[in-house]
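For the sequence shown, counting from 1, position 45 maps to 45 in UniProt numbering; every step adds exactly one. Where is the CB? At the ideal position from N, CA and C, for every residue including glycine. Just so it is clear, the structure is predicted and the values come from calculations on it, not from any experiment.
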Amino acid sequence: MVPEEVIQIHSSKECTRSLGGVRDALYVLNGKWKLPIIIALREGPKRFKDLQRRVEGITPKLLSKELRELEQNEFVIRHVYPSTPVLVEYELTEYSNSLNDLIQAMAEWGLQHRARIQSR
Numbered sequence: 001m002v003p004e005e006v007i008q009i010h011s012s013k014e015c016t017r018s019l020g021g022v023r024d025a026l027y028v029l030n031g032k033w034k035l036p037i038i039i040a041l042r043e044g045p046k047r048f049k050d051l052q053r054r055v056e057g058i059t060p061k062l063l064s065k066e067l068r069e070l071e072q073n074e075f076v077i078r079h080v081y082p083s084t085p086v087l088v089e090y091e092l093t094e095y096s097n098s099l100n101d102l103i104q105a106m107a108e109w110g111l112q113h114r115a116r117i118q119s120r
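Next up, the structure:
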């Protein structure tokens, strides 16, 4: 049970604003793959197959779709190098750094939640 002093009451205006922001974030980062792809790319630029290996369980079709959406939302940039065969790499943009605090908070919460559930 959460102690009462921790629960914060917000005004209707604050709640509406928060709900709108959370909806926007969930719309852009929806699904179970976008954040793992971003986290994998934090190690540096990766080719498609390397990224697929790093994000275990994702199909090539789904990875392609997710990368396209991340590119549209300016989190990822796709570099095509004219070589034989053509080399394509994916890299995080500067804008993707705006997710750092969110990713860190989610990772910490996830670890705390796992520990809580496992301690039952």
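(1) Using beta-carbon positions only, say whether Glu91 and Pro45 come within less than 8 Å of one another.
(2) Using 8 Å as the threshold, is the C-beta distance between Val76 and Val88 below it?
(3) Given Asn73, which residues of its chain have a CB within under 6 Å of its CB, disregarding the five upstream and five downstream residues?
(4) Run the CB neighbour count on Ala107, radius 10 Å, all protein chains shown included, and call it buried at 16 or more, exposed below.
(5) Does Trp109 pass the burial test, meaning 16 or more other C-beta atoms within 10 Å, or should it be called exposed?
If we stick to the structure as given:
(1) yes
(2) no
(3) Val28
(4) exposed
(5) exposed
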